[in-house]
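> Residue numbers for the sequence shown follow our numbering, beginning at 3 and rising by one.
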Amino acid sequence: MATTAKRVKDAKKPKFKSRQHNRCQLCGRPRAFLRKFGVCRLCFRSLALKGEIPGVVKSSW
3 MATTAKRVKD AKKPKFKSRQ HNRCQLCGRP RAFLRKFGVC RLCFRSLALK GEIPGVVKSS
63 W
């Protein structure tokens, strides 16, 4: 999703801490980031459906 240049740019330590931006560890997506898991909502959903995130189950009602 994210270009290589954007990933490299965000990997560098920013001059000011407030400029830091969270990115998904898998795809590099900057938006819809889940801090607790370190991934975006899209990667979270795919990992959860595969059962690779312990303690997360699909809800149904």
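Heads up, the beta-carbon is just placed ideally off N, CA and C, and yes, glycines get one too. Since the model is a prediction, treat every value here as computed from it, not as a measurement.
Any idea if Arg-25 is buried or exposed, counting beta-carbon neighbours within 10 angstroms, 16 or more meaning buried?
The residue you call residue 25 lines up with position 23 of the sequence shown. Buried.
> Mind checking whether Gln-27 and Val-41 have CB atoms under 9 Å apart?
Translated into the one-based positions of the sequence shown, residue 27 becomes position 25. Translated into the one-based positions of the sequence shown, residue 41 becomes position 39. Yes. Within cutoff.
> State buried or exposed for Phe-18, treating a residue as buried only when at least 16 other CB atoms are found within 10 Å of its CB.
Indexing the sequence shown from 1 puts residue 18 at position 16. Exposed.
> Tell me whether the beta-carbon of Gly-30 lies closer than 9 Å to the beta-carbon of Lys-8.
As a first step, residue 30 is located in the sequence shown; it is residue number 28 there, counting from the start. As a first step, residue 8 is located in the sequence shown; it is residue number 6 there, counting from the start. For the 9 Å CB-CB criterion, Gly-30 and Lys-8 form a contact.
> CB-CB under 6 Å to Ala-50, same chain, minus the five flanking residues each way: which ones, in chain order?
Within the sequence shown, numbered from 1, the residue matching residue 50 stands at position 48. Answer for Ala-50: Val-58, listed in chain order.
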